[in-house]
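Trainee:
In our numbering, the protein residues as written are 1072 to 1334.
(1) What is the C-beta distance between residue 1312 and residue 1170, in whole angstroms, given that I count them as a contact (C-beta under 8 angstroms)?
(2) Assign residue 1280 to one of three DSSP states: helix, strand, or coil.
(3) Going by other Cβ atoms of all chains shown within 10 Å of its Cβ, with 16 needed for buried, is residue 1219 buried or exposed?
(4) If residue 1267 and residue 1248 are in contact, beta carbons under 8 angstroms, what's the gap, nearest whole angstrom?
(5) State the beta-bridge partners of residue 1195 as determined by DSSP.
(6) Comparing alpha-carbon positions, which option in 1087, 1113, 1084 and 1125 lies nearest residue 1103?
(7) Going by C-alpha to C-alpha distance, which of 1288, 1111, 1271 and 1142 sits closest to residue 1224?
(8) Could you give the residue range of the alpha helix (DSSP H) that holds residue 1088?
(9) Does residue 1248 come out as helix, strand or coil in the three-state DSSP assignment?
(10) In the DSSP assignment, the alpha helix (DSSP H) including residue 1181 goes from what residue to what residue?
(11) By Cβ distance below 8 angstroms, which residues in the same chain neighbour residue 1111 in space, the five residues on each side in sequence not counted?
(12) Report the option in 1128, 1134, 1105 and 1099 whose CA atom is closest to the CA atom of residue 1113.
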């Protein structure tokens, strides 16, 4: 009896079913190592070439190892940067605690930010400052406070671009650092090369005491969206230190080590 055309048709395996079966039988290649050597797969780099399955696995594992090492190096670099930033911020805070007046506090802030963090410009806007306040300390008027609140958009701090008009308004004691040829550019059309950047922090201690502006001629140093954890911490320290020379203002609490040394 002759076979029908259907029965003579070669049977083929469904690739998906083969893959599913191998996934459920991971020990299939045990004792069949020669089969692994004979299996060929596309080369990941040479177009049209092929390599053994074992070579492809080694290649993939090496790639994953390289990626993991790169990621680890990035994490270590970030950790070193954060440690360095923390140590510099710690030194800055200790120096601020030694200031005996608001003017001395602002001067120390400006000097040490320049030395420790390469900051180009600082302004400390204070509500209760009078006309005798020395730069970088400035008396905060209601109109200027409203401008700060519009820029902050309800946040405690914010990084933002500093075109020339904004720079001159918020940093009146610091000359525009990018040249006079940028004077007539409209804010929205300015490129990174024709504007600086800054972080603005609201200083609060029960109520708003003022605002801190820390700026740079580099548009990327305080670009929008950057984390403001460190500037906000600095703002908390400043709010705690402001007004120490005012009558009736209690001194900062000393540490337990200082208490023991004074006994």
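All C-beta atoms, glycine included, are put in the ideal place defined by N, C-alpha and C.
Mentor: Looking at the atomic coordinates:
(1) Yes, residue 1312 and residue 1170 are in contact; Cβ-Cβ is about 7 angstroms, under 8 angstroms.
(2) Residue 1280: strand per DSSP, three-state reduction.
(3) Buried is the call here.
(4) So it is a contact: roughly 7 angstroms between Cβ atoms.
(5) Paired residue(s): 1208 and 1283.
(6) Of 1087, 1113, 1084 and 1125, the smallest CA-CA separation from residue 1103 is found for 1125.
(7) Looking at the Cα atoms, 1271 is the closest of the given residues.
(8) Its alpha helix (DSSP H) spans residues 1086-1095.
(9) DSSP, reduced to helix, strand and coil, places residue 1248 outside both helices and strands of the structure shown, so it counts as coil.
(10) Following the DSSP letters along the chain, one finds residue 1181 inside the alpha helix (DSSP H) bounded by residues 1173-1188.
(11) Correct list, in chain order: 1121, 1122, 1123 and 1124.
(12) Sorting 1128, 1134, 1105 and 1099 by C-alpha distance to the C-alpha of residue 1113 places 1128 at the top.
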